[in-house]
Amino acid sequence: MTATAPIARVGDRLPDFALPLLDGGTLALDDRRGKRLLLFFWGSW
Amino acid sequence: MPGWQRFYAAHHASDFEFVAVALEHAGAEAARPYAARAGATFPVVVDEHGLTSGLLGFKVVPNGVLVDQDGIIRYAKYGGFSIDRAEDVAAVERFIRGDDPGPSPDHAPLYALGSLEQEVVATRLRLGRLLDAVGRREEALAEWQAALRLDPGNLVIRKQIWAVRYPERFYPAINWTWQKEQLACERAAEVAAGICDPDGCPLPHHVPR
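Those protein sequences? They're chains A and B, same order as listed.
Residue numbering for the first sequence follows the working numbering, beginning at 1 and increasing consecutively.
Residue numbering for the second sequence follows the working numbering, beginning at 1001 and increasing consecutively.
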């Protein structure tokens, strides 16, 4: 086993990430800083 | 999702944002009808390669994660996070008001992947997506299956494979009884093959060298 991949937990800073928007373009988490954010993770399956 | 759309419409304040992250290893298209049906006016992003599941260490959905103005995670619930659960909605409402959302449910992952394994899983997911996009579905499934072998407790990957291989069990409606039986059957085969232990933790000799 290599070193364990770091996982962000409650109390940690969520690392910035950017993902494609369903309607085109990209959403960067960085653009949402300064706001209270609810991230809702789901799947169609 | 329709429920979250109503919640968003009622609570959308200048300093509150809702972002839906769809885990769709077989591509964004599967998410589109759900977002459309919900009339989603909030942003919906698609995570095709398990970037967020790797960052946060979750292996199931649906999940809710609350992040404050400084980017600090204040609350996380992995699995079963729902607009239909009063305690989940209450945590979000406290957070929106500026209060402490309260304690997060216990989240003790069965195991943590190594950095290399995590990278290999992400790469296999990406490769599978590329192959699937050009119609090489069996090769795509083989890549996703290889990712699952490294991360056998990952229900996001496992269910994605099922949805591609057995779409009739998922669309238009999810057959939960079938999933339970299928999971038990696959787990038993994986334990017998020495891929994971009965708890679903990967056995070390399956780590790539």
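Don't be surprised by glycine CBs; every beta carbon is placed ideally from N, CA and C.
Going by DSSP, what residue range makes up the beta strand (DSSP E) through residue i?
i         : result
B:Val1164 : Per DSSP, B:Val1164 belongs to no beta strand (DSSP E); it is in the alpha helix (DSSP H), Leu1155 to Arg1165.
B:Tyr1075 : Ile1073 to Tyr1078
A:Leu39   : Arg36 to Trp42
Output needed for residue i: all residues of its chain with C-beta closer than 8 Å, excluding positions within five of it in sequence on either side, in chain order.
i         : result
B:Val1045 : Val1019, Ala1020, Val1021 and Ala1022
B:Ala1133 : Gly1027
B:Arg1165 : Leu1141
B:Phe1007 : Phe1018, Ile1083, Val1089 and Val1092
B:Asp1197 : Val1191 and Leu1203
Looking at C-alpha atoms only, which residue of the options is the closest neighbour of residue i?
i         : options                                       : result
B:Val1191 : B:Arg1158, B:Arg1149, B:Trp1004 and B:Pro1167 : B:Arg1149
B:Cys1201 : B:Gln1182, B:Leu1125, B:Ala1108 and B:Trp1004 : B:Ala1108
A:Leu21   : B:Ala1026, B:Arg1032, B:His1025 and B:His1011 : B:Arg1032
A:Leu39   : B:Pro1172, B:Ala1140, B:Pro1062 and B:Asn1154 : B:Pro1062
A:Val10   : B:Ala1030, B:Thr1041 and B:Arg1074            : B:Arg1074
A:Lys35   : B:Arg1165, B:Asn1175 and B:Arg1097            : B:Arg1097
B:Glu1138 : B:Ile1161, B:Ala1036 and B:Glu1119            : B:Ile1161
B:Gln1069 : B:Arg1165, B:Pro1105, B:Ser1014 and B:Thr1177 : B:Ser1014
B:Gly1080 : B:Leu1183, B:Arg1006 and B:Val1065            : B:Val1065
A:Thr26   : B:Pro1043, B:Ala1035, B:Arg1037 and B:Arg1158 : B:Pro1043
B:Pro1101 : A:Phe41, A:Leu37 and A:Arg32                  : A:Leu37
Does the beta carbon of residue i sit closer than 9 Å to a beta carbon anywhere in chain A?
i         : result
B:Thr1123 : no
B:Gly1159 : It should be noted that the sequence gives Lys, not Gly, for residue 1159 of chain B. Answer yes: the Cβ-Cβ gap between B:Lys1159 and chain A drops below 9 Å somewhere.
B:Asp1015 : yes
B:Arg1126 : no
B:Ile1195 : no
B:Glu1181 : no
B:Ala1188 : no
B:Trp1178 : no
B:Val1067 : yes
B:Ala1035 : yes
B:Asn1063 : yes
B:Arg1032 : yes
B:Trp1144 : no
B:Ala1022 : yes
B:Pro1043 : yes
B:Asp1047 : yes
B:Gly1114 : yes
B:Gly1057 : yes
B:Glu1087 : no
B:Pro1198 : no
Counting only the same chain and skipping the five closest in sequence on each side, list residues whose C-beta sits under 6 Å from that of residue i.
i         : result
B:Gln1179 : none
B:Val1121 : Ala1147, Leu1150 and Asp1151
B:Ala1010 : none
B:Arg1124 : Glu1143, Ala1146 and Ala1147
B:Arg1169 : Asn1175 and Trp1178
Sorted by chain position, which residues of the same chain lie with C-beta nearer than 7 Å to residue i's C-beta, five sequence neighbours on each side aside?
i         : result
B:Ser1082 : Pro1062 and Asp1088
A:Ala3    : none
What residues from chain E crowd round residue i, counting only those whose CB sits closer than 9 Å?
i       : result
A:Gly11 : Looking at the structure shown, chain E is missing, and the protein chains on hand are A and B.
Output the boundary residues of the alpha helix (DSSP H) element that contains residue i.
i         : result
B:Trp1176 : Trp1176 to Ala1192
B:Glu1117 : Ser1115 to Ala1133
B:Phe1095 : Ala1086 to Arg1097
B:Phe1007 : Pro1002 to His1011
B:Leu1148 : Arg1137 to Leu1150
B:Leu1055 : Leu1051 to Leu1056
**Request:** Decide yes or no for the touch test of the region 1086-1098 of chain B against the region 1034-1052 of chain B: beta carbon pairs closer than 8 Å, at least 3 of them.
**Result:** The region 1034-1052 of chain B and the region 1086-1098 of chain B do not touch, with fewer than three beta-carbon pairs separated by less than 8 Å.
**Item:** Three-pair Cβ contact test at 8 Å for the region 14-31 of chain A versus the region 1120-1136 of chain B
**Value:** Taking one beta carbon from each stretch, the region 14-31 of chain A and the region 1120-1136 of chain B have fewer than 3 pairs nearer than 8 Å; the two do not touch.
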